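Undergrad:
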Amino acid sequence: MRTTRQFGQLGLPAIVVHGGAGTFPDLSEEESAVLLQALEAAREAGWEVLAAGGSAYDAVVEAVASLEDSGRFNAGRGAVPTAQGAVEFDASVMDAATGAVGALCAATYPANPVRAARAVAAAGGVPDGPVLLAGTGADDFCAEAGLGAMRPEWLTRGAGAADPRGPLSKEGTVGAVAVDRGGQVAAATSTGGRSGQRRGRVGDSPVPGAGVLAHRCGVAVSATGAGEAFLVAGFAHRVAWERQAGRLLHEAVEVALSAVGELGGTGGGIALSDTGEFVAAFTTPAMARAWRGEGEKEAHLLPG
Ligand code: ASP
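Numbers 135 to 438, taken from the numbering used here, label the letters of the sequence shown in order.
1. Given this structure, state the Cα-to-Cα distance separating residue 264 from residue 341, to the nearest angstrom.
2. How long is the line joining the alpha carbons of residue 357 and residue 402, rounded to whole angstroms?
3. Determine the direct distance from the alpha carbon of residue 248 to that of residue 337, and round the result to whole angstroms.
4. State the Cα-Cα distance for the pair residue 191 and residue 218, rounded to the nearest angstrom.
5. Considering only the alpha carbon of each residue, which of 410, 416, 334 lies closest to residue 369?
6. Can you tell me whether residue 195 sits near ligand 1, meaning its C-beta is under 8 Å from at least one heavy atom of the ligand?
7. Apart from the five residues on each side of it in sequence, which residues of its chain come closer than 8 Å, Cβ to Cβ, to residue 374?
8. I want to know whether the region 255-263 touches the region 202-222 - three or more CB-CB distances under 8 Å.
9. Beta-carbon separation of residue 424 and residue 173 under 9 Å?
10. So, helix, strand or coil for residue 309, using DSSP?
11. Which residue marks the beginning of the alpha helix (DSSP H) containing residue 171, and which one marks its end?
12. Can you tell me whether residue 286 is buried or exposed, with buried defined as 16 or more other CB within 10 angstroms of its CB?
13. Return the bridge partner residues of residue 142 from the DSSP annotation.
14. Under a three-way DSSP split, which group does residue 200 fall into?
15. Since I believe residue 176 is in contact with residue 146 (beta carbons under 8 Å), could you give me their beta-carbon distance rounded to a whole number of angstroms?
16. Rounded to the nearest angstrom, what separates residue 186 and residue 389 at their Cα positions?
17. Between 384, 196, 426, which has its C-alpha nearest residue 251's C-alpha?
18. Which word fits residue 393, buried or exposed, when buried means at least 16 other C-beta atoms lie within 10 angstroms of its C-beta?
19. Identify whether residue 432 lies in helix, strand or coil by the three-state DSSP scheme.
20. DSSP has residue 98 in a bridge; who is on the other side?
21. Using a Cβ-based criterion (distance less than 8 Å to any ligand heavy atom), does residue 364 qualify as near ligand 1?
Below you can see the structure in the form of structure tokens.
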């Protein structure tokens with residue numbers, strides 16, 4: 135399986151965001167430009183936090199919230215509906231500095247699933263929990279925590295979707311990884327899951343160690359792609375383990391993508407280390423990705 139990878143060294147602080155791995159079929163030049171603009175806006179939202187001396191954790195939450203709000207990706211306002219027509223959100227956050235970790239899955243309530251995941255982290259975490267809240271339990275938590283509710287008219291493709299801008303990427307799970315001035319890493323991932331999935335189906339995105347990880351070894355990871363394969367392969371943990379075993383970060387991501395490939399899955403991942411080493415790699419034809427470090431910024435949809 136061919137892997138496209140971009141990697142290198144960014145100075146601290148740095149941020150990498152993704153808007154999903156897939157084919158991005160039939161996008162006109164204009165639509166591709168709109169998707170890239172949304173990606174860049176999210177990257178800048180995270181970068182602003184980092185440039186002001188803020189934490190990597192704040193940066194990834196702001197970047198992913200921006201992608202959710204754009205309605206252009208399969209997350210937040212742009213989330214794809216299940217076979218039954220409802221929209222279900224999965225999201226996760228993890229902060230290596232504090233050990234904060236929180237997630238929710240198959241939730242319908244929150245306007246910003248990534249902020250809800252952060253609220254779960256603030257209320258729980260390891261070892262006593264909760265780390266991951268599901269379905270109506272997650273929705274009740276969001277309401278009790280006073281989080282903003284998603285309004286049906288805000289959805290760009292779910293039940294009741296009325297946004298004339300429309301969706302651009304069904305494949306666009308979103309995520310961000312960042313390292314701050316203090317060398318601390320954080321990660322966040324958010325998705326509406328697979329288009330037309332069975333109600334209640336949950337993939338890798340909200341599972342720490344699968345679709346998201348910010349590890350104390352100094353590595354942050356966010357994944358996108360065939361969720362079952364990423365989940366079973368323990369994709370994000372595999373990246374951290376390979377790294378701890380002495381591989382370079384881009385080698386570690388490639389080994390983890392191969393493990394996903396052995397299970398028949400394709401997709402991609404972004405990763406960043408506490409020294410500014412960064413990777414965006416995918417085994418699909420395309421992946422929406424952007425990054426910024428001191429003096430360097432790029433955004434791409436296609437390989438190259
Ligand atoms: N990994 C996501 C899921 O399985 C989907 C995707 O990234 O396209 O829910």
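Ideal Cβ positions, reconstructed from N, Cα and C, are used throughout, including at glycine.
Please read all numbers here as calculations on a predicted model, not as lab measurements.
TA: Reading off the structure:
1. 13 Å
2. 6 Å
3. 16 Å
4. 34 Å
5. 416
6. no
7. 347, 349, 351, 353, 355, 386
8. no
9. yes
10. strand
11. 163-185
12. exposed
13. Answer by DSSP bridge pairing, in chain order: 412.
14. helix
15. With a Cβ gap of about 20 Å, residue 146 and residue 176 do not count as contacting.
16. 35 Å
17. Selected option, being the one with the closest Cα: 196.
18. Buried: at least 16 other Cβ atoms inside 10 Å.
19. strand
20. Past the edges of the chain, shown from 135 to 438, lies residue 98, and the structure says nothing about it.
21. yes
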